[in-house]
Amino acid sequence: MVGERRPSQSGGQMMDTPTLYTCPMHPEIRQDLPGNCPKCGMTLEPLLPELEADENPELRDFQRRFWWTLPLTVLVTALAMAGHRLQWFEMGTQSWIELALTLPVVLWAGLPFFQRGAQSVLHRSPNMWTLIGLGTGAAFVYSAVATVAPQAFPASFRAMGRVAVYFEAAAVIISLTLLGQMLELKARSQTSAAIKSLLGLAPKTARRIDAQGLESDVPLAHVHVGDLLRVRPGEKVPVDGVVVEGRSAVDEAMLTGEPVPVVKSPGDKLIGATLNTNGALVMRSERVGSATMLAQIVQMVAQAQRSRAPMQRMADRVAGYFVVAVVAIAALTLLAWGLFGPAPSWVYGLVNAVAVLIIACPCALGLATPMSIMVATGRGATSGVLFRDAAAIENLRKVDALIVDKTGTLTEGRPVFERVVPAPGVEPDELLRLAASLDQGSEHPLAEAIVKAARERGLQLAKPEDFESSTGIGVRGVVAGRRLALGNTALMRQLDVAVDALLPQAETLRTEGASVMYLAADGQLLGLLAVSDPAKASTPEALASLRAAGIRIIMATGDGLTTAKAVGARLGLDEVHGEVKPADKLDLVSRLQAEGRIVAMAGDGINDAPALAKADVGIAMGTGTDVAMNSAQITLVKGDLRGISTARALSEATVGNMKQNLMFAFLYNTLGIPVAAGLLYPFTGWLLSPMIAALAMSLSSASVISNALRLRRG
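The sequence shown begins at 1 in full-length UniProt numbering and counts up one residue at a time.
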């Protein structure tokens, strides 16, 4: 069995194991060599992208084929539309010129499509490539025969001195198909951006301490379980492990969603790729390579992306039946006319069979959904909603459960000073001034919120002396001759400061989701200060709108359960989960999907990435991390949850528009194919020439485009 390339310890460089390739539309296709999917003909792509990957070679190839042949397509179309009126050339000569102009478009630019069409026949998997190959091939071969041997056709098929040719139909179909493939390939390339962002998080080297105590920088690939590593201030933790020496605050927000740095001391666990902020640590590595939390998140994102059923899968199945039906009708048309039609019967049969293939060529079908999507995404962008793919637009209207992260999604994502509760006889401003003066020596985000609040009130801060930080419990120092201590209950207990008088107020603030710190001076309690992460101003309105739409709102956060429940109660959420890890969020999405719910996930952190990718619709805050945005299908540029309601309304309008477009496309085929086959000939004498078939095909495309453009007006 072929092994999968996995992220190695070098932060995105891959281990020297074979690469597995898979199909974006059919994830069950796996092979260890690049190529095309045997089911749909799409180019296979690596299961896990490389960090330093070049631009998609297929995209470069299609761009070259498109831009080099586009002038030829424009010229041959202009000749076909206006040449007979302007009479630049004798009409027989014009046919030869059109043949010369079309030859590179069909034989070179369209070669990949003919190869995929042939492959679909060999693998007995008819798809849109089958029809594109047959339709353009039939139009070109018919026109080439009409140019080279016009005498083979009856006089009734001559017009303006030549047998009608349809080179422009073949050329335009190929150019439009190339353009659509280029747009699709660019969109597909974004699916690997999330994984690349994750791979780029890990540092490239680690500082290892050997048995003699000597330190040296080594590539991450050379780190083994049990190695001692030094992590200096400002450096990233190289791998997962445990602290054996030192104390420091580690910023884990990128992976856990915790809004403030977590204090680490000997015995505490460390997560690779998190940031050591202010102190030196010595750690022992416990999990390296693919065993680290970062690598596991990479695997979860990749698996979730691949397991999401593409919207195109159903279209492929429908197209398979459609192709078989069209080919059968064309073959029956040829045989029926050849065996039972008037002389020259087989020429009539060939011309009518070509008309069937041309009118059935899926230009309108191909444009039906992409045009609606292109217009809808443009309109969404002007409203601050970025859609990444068509599946998100289709699925969002069906969502009945929304999982939301707390920090940065429901809340602002940064600590804000809330209030002071002074002890009897203490002025509130004096309490804040003393606390802020002491906190000037701290880099903790909670301290930053207190200092900022004091300065905004114009309070004069004093310089702290003998400043000392007690990791995990608070800070101490001297301000204006008074020995101050600011911290939690553990620090107060250590200093024998009684806090019973303010315990009820402290518990009330904690149940409201605030972090509480006590301030004591010379062993006497002065009061407490509360700092919280407030809900965004737009959150209540956004949640009310979603509830009115019948959506169940569930919060899943890495914060403590008490804080989570407090925020959930304040916002009226239907369900609350606290202290959840990335895998827990992913499990929650899976559980709701197993219950039959259509699940959307809204978040802004790396810890949300697996759940964002697994959800039926992933929604990222534009104010969050690149990884979250790359994992999600929808990005709210302003980080405002009200954008979900905007996106949902656009989803409803767009899906309705796509259904109308598909109706137009199928209507033309339903009406045109029988006429092209000659079913009305015995009763009316009507035949649909390939020229009229090409016109009908163009009209169907025009109607689809015009209808899609209505979305711009809302």
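All residues carry an ideal CB built from backbone N, CA and C; glycine is no exception. These numbers come from a predicted model, not from an experiment.
Can you give the Cα-Cα distance for residue i and residue j, rounded to whole angstroms?
i, j, result
"R65", "P57", "12 Å"
"L402", "D533", "21 Å"
"L459", "L484", "18 Å"
"R597", "D405", "18 Å"
"V516", "V451", "15 Å"
"E45", "S290", "21 Å"
"A390", "V617", "11 Å"
"L662", "A381", "25 Å"
"V199", "A273", "Note that residue 199 is Leu in the sequence shown, not Val. Each residue's alpha carbon lies about 10 Å from the other."
"L131", "L386", "33 Å"
"D522", "I209", "43 Å"
"A280", "G226", "19 Å"
"V244", "L434", "35 Å"
"I373", "L179", "15 Å"
"G137", "A170", "7 Å"
"Q505", "A566", "15 Å"
"S545", "K659", "26 Å"
"L711", "M81", "30 Å"
"Q305", "L592", "For Q305, the predicted structure reports a pLDDT of 48, less than 50, and the residue's modelled location is therefore unreliable. The matter cannot be settled from this model."
"V580", "D400", "22 Å"
"L446", "V531", "7 Å"
"Y348", "Y681", "12 Å"
"M371", "A360", "19 Å"
"K264", "R713", "55 Å"
For the alpha helix (DSSP H) that residue i lies in, which residues bound it at each end?
i, result
"V675", "R642 to A677"
"A490", "T489 to Q494"
"L503", "L503 to T511"
"S95", "M91 to P104"
What does the Cβ neighbour count give for residue i, buried or exposed, with the cut at 16 atoms within 10 Å?
i, result
"residue 715", "The chain is shown from 1 up to 714; residue 715 falls before or after that span and cannot be answered."
"K269", "exposed"
"V704", "buried"
"P233", "exposed"
"A542", "buried"
"A676", "buried"
"L431", "buried"
"residue 717", "A question about residue 717 goes unanswered here, because the residues of the chain that appear run from 1 up to 714."
"V237", "buried"
"T93", "exposed"
"S307", "Residue confidence is low: S307 scores 43 on pLDDT, short of 50, so the model does not pin down where it sits. Its coordinate-derived value is still stated next. Label assigned to S307: exposed."
"P266", "exposed"
"F683", "exposed"
"P422", "buried"
"L294", "buried"
"V298", "buried"
"D217", "exposed"
"A708", "buried"
"F340", "exposed"
To which residues does DSSP link residue i through a beta bridge?
i, result
"residue 715", "Residue 715 lies beyond the stretch modelled for the chain, which goes from 1 to 714, so this question has no answer here."
"E575", "I554"
"A401", "R552 and V599"
"N276", "V250"
"E45", "T22"
"Q31", "Y21"
"S125", "Answer by DSSP bridge pairing: none, since S125 is not bridged."
"T411", "A535"
"E468", "R476"
I'd like the span of the beta strand (DSSP E) that includes residue i, first residue to last.
i, result
"K638", "Element bounds for K638: n/a, residue is neither H nor E."
"R230", "L228 to V231"
"V244", "D240 to E245"
"T407", "Unbroken run through T407: none, as it is neither H nor E."
"A206", "T205 to I209"
"K264", "V262 to K264"
"P219", "E215 to P219"
Taking 7 Å as the threshold (C-beta atoms), are residue j and residue i in contact?
i, j, result
"F513", "T563", "In the sequence as presented, Phe is not what sits at residue 513; that position holds Gly. Yes, these two residues count as a Cβ contact at 7 Å."
"V242", "R284", "yes"
"A611", "M601", "yes"
"V105", "L72", "yes"
"S175", "L59", "no"
"T333", "V356", "yes"
"D251", "L275", "yes"
"S288", "V231", "Position check: residue 288 holds Val in this sequence, whereas Ser was assumed. No, the Cβ-Cβ distance between V288 and V231 is not below 7 Å."
Quick one: does residue i have its CB under 7 Å from some CB of chain C?
i, result
"N278", "This model lacks chain C altogether; it includes just one protein chain."
With a threshold of 6 Å, establish whether the CB of residue i neighbours any heavy atom of the ligand ADP.
i, result
"V531", "Among the components of this structure there are no ligands whatsoever, and the ligand ADP is therefore not found."
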